[in-house]
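Let me begin by presenting the structure, written as structure tokens, before commenting on it.
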Amino acid sequence: MTGTIETHTPAVTEFAYSAGFGNEHSTEAVPGALPVGRNSPQRAPLGLYAEQHSATAFTEPRAHNRRSWVYRIRPSAAHPPFVPIDSGSLRSAPLRDAVADPNRLRWGPLPLPQAPTDFIDGLYTMGANGNVLERTGIGIHLYAASKSMTDRYFVDADGELLLVPEIGALVLHTEYGRLHVIPGEIAVIGRGVRFRVELLDEVARGYVCENYGHHFVLPELGPIGANGLANARDFLYPIAAYEDREETVQVVQKFGGRLWAADYDHSPLDVVAWHGNHAVYKYNTARFNVMGTVTYDHPDPSIYTVLTSPSDTPGQANADFVIFAPRWLVGEDTFRPPWYHRNVMSEFMGLVHGVYDAKAEGFLPGGASLHNMWSAHGPDADTYAKASTQELTPQRITDTLAFMFETRWPVVVTDFARTATHLQPGYDAVWQGVRRGFIE
Ligand SMILES: [Fe+2]
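Numbering (the numbering used here), first residue to last: 346 to 785.
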């Protein structure tokens, strides 16, 4: 265990970023570290090793292709064998021993750890779908941590990680640099990127969508036009920063649904310069340009999509990341909360802070709900009674951030999440107070 870890960054500001979703970013922590005019010179500048990270197959269409070139102190190949380790509460699809459950489920917040727990050990799988070895579907996890990763690094070969912090600021130290992330922001760590999580507060808790499928992209805008929803310029990528450590550290890799580990004699975050479009990024949800009705009804919640992971069926997302952010409600003669519905897509929801407008009580920050495919859901009885009788003046929904991981396949819940103490029994009662609606 070491105390502070020396990191090397340009003296611009403590955290500096390069903006633009999917851009060809270029950054160097030491002037001259980035070769000019070629990716792999005979000898890379400063004696560094050139290495390509290919997040898509070489031949994927240019619009989808993701790769970066990194210039590092040692090639990534310099490491000993990985050996399997205990996977704790981390699971992957297919969850062969779990039962696909048609019931609507809701959980309170995951209890915070009693013993010192880092991000890896604090991962807790709620459910999953698809197949991790076929790159379809997602894993849905929570994290609850009380300790920074100092001599430990994580890398997920199975998917990219979308982090939604609920409690606690984080610094994500990654191969591509450092991201400072607070609740209200999200971060995406590209598939195969090594990183460690530093806690800036006593505890950290949040949600993770592990995307086994196509990497997240911005949704098409169609008739909305060239701007709106999450704007590309608001996605922030780190500038290069590297750790120059020569001591034993553990690198934990998630591969094929289980954890493996190897002891390295150096930090894997030794990238001094990089360029490309496969990296890590963050986004502040307060920048989301919320669209909605200015006449009647409200659009389908797909209008709130921040990022989408397309599947091979057009329009059926492997996963959508959708937010319910502060906004004005002005619809005339309109039931304004989310309507009652049943949906072939499956909806996992979480709450970062505030109150979600379809549930007056019981859906708590740090909690979660799962409305699996075709399960009937909508406002609870109190919310319906209020929203169907209130005077429809313009109303601003404030101080709330709920979100949804929506996915085309049903989510199979882990056995331990289906029997957890934070599972709320009797969630169905939310709708039992709904009165008969036929006036004869
Ligand atoms: Fe829904």
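Note that the Cβ used here is the ideal one computed from N, Cα and C, for glycine as well.
Contact set for residue i: own chain, Cβ-Cβ below 8 Å, skip 5 residues either direction
| i | result |
| --- | --- |
| F540 | Y498, F499, V500, L517, H518, T519, E520, I534, L614, V625 |
| S656 | T481, G558, H559, A662, N663, R753 |
| M346 | Here the model assigns M346 a pLDDT of 37, short of 50, so the residue's position is not dependable, and the following value carries that caveat. Correct list, in chain order: T495, D496. |
| A774 | none |
| Q740 | W673, L674, V675, R681 |
| E547 | S491, G513 |
| N576 | R632, N634 |
Identity of the residue in the options nearest residue i by Cα
| i | options | result |
| --- | --- | --- |
| I512 | T743, D503, V526, H370 | V526 |
| A607 | V594, G601, V616, V617 | V594 |
| E373 | R417, D645, A402 | R417 |
| F693 | N448, L468, V616, F783 | N448 |
| S434 | V758, A577, V428, L737 | V758 |
| F750 | R436, S714, L379, A762 | S714 |
| Y649 | D466, A402, V635, H686 | V635 |
| G712 | H611, L581, Q769, Y362 | Q769 |
| N717 | A726, D725, T728, M690 | M690 |
| A443 | E396, Q740, R763, T738 | R763 |
| V375 | D589, P659, V639 | D589 |
| R640 | L563, S720, F561, T738 | Correcting the residue type first, residue 640 is Thr in the shown sequence and not Arg. Selected option, being the one with the closest Cα: T738. |
| A460 | N474, S493, G475 | S493 |
| A721 | V667, F666, E736, Q777 | Q777 |
| G567 | L545, E505, L709, S647 | S647 |
| W719 | L487, F666, A445, R388 | A445 |
| L454 | I784, A765, R781, V428 | For the sequence presented, residue 454 should be read as Pro rather than Leu. Checking every option, the nearest Cα to that of P454 belongs to A765. |
| W414 | R781, V616, D678 | V616 |
Boundaries (first-last residue) of the alpha helix (DSSP H) holding residue i
| i | result |
| --- | --- |
| V775 | 774-777 |
| D760 | 760-763 |
| K333 | Outside the displayed span of the chain (346 to 785) sits residue 333, for which this structure offers no information. |
Residue span of the beta strand (DSSP E) that contains residue i, given as start and end
| i | result |
| --- | --- |
| K627 | 625-629 |
| Q598 | 594-600 |
| W619 | 616-621 |
| L696 | 691-698 |
| H560 | Premise fails: H560 is in no beta strand (DSSP E) and is neither H nor E. |
| L768 | Taken as a continuous stretch (DSSP letters only), L768 belongs to no beta strand (DSSP E), as it is neither H nor E. |
| R451 | 450-452 |
Supposed contact pair residue j and residue i - C-beta distance, whole angstroms, cut 8 Å
| i | j | result |
| --- | --- | --- |
| H623 | H398 | 6 Å |
| I430 | L604 | 5 Å |
| A747 | F680 | About 18 Å; that fails the 8 Å criterion. |
| F633 | F366 | F633 to F366, Cβ: 13 Å. No contact. |
| R436 | A473 | 6 Å |
| G621 | H370 | 7 Å |
| E555 | L515 | With 8 Å as the limit, E555 and L515 do not qualify as a contact, their Cβ atoms being about 17 Å apart. |
| Y552 | G695 | 5 Å |
7 Å Cβ shell around residue i - same chain, five flanking residues per side excluded
| i | result |
| --- | --- |
| L478 | G601 |
| I531 | L507, L508, V509, K627, Y628, T630 |
| I742 | P671, R672, L674, D702 |
| N529 | Before going further, note that residue 529 is Gly rather than Asn in the sequence given. Cβ neighbours of G529 beyond the five flanking positions: N629, T630, A631, V697, L746. |
| W684 | G723 |
| H409 | T401 |
| V779 | A726, Y729 |
Same chain, Cβ closer than 6 Å to residue i, neighbours up to 5 away in sequence not counted
| i | result |
| --- | --- |
| G699 | D744, T745 |
| L391 | A378 |
| A618 | E373, A378, L379, Y416, A585 |
| L457 | A489, V548 |
| A361 | I584 |
Quiz prompt | Under 6 Å, CB to nearest heavy atom of ligand 1: contacting residues | solution = Look at which beta carbons fall closer than 6 Å to any heavy atom of ligand 1; those residues are H686, N688, E692, H716, H722.
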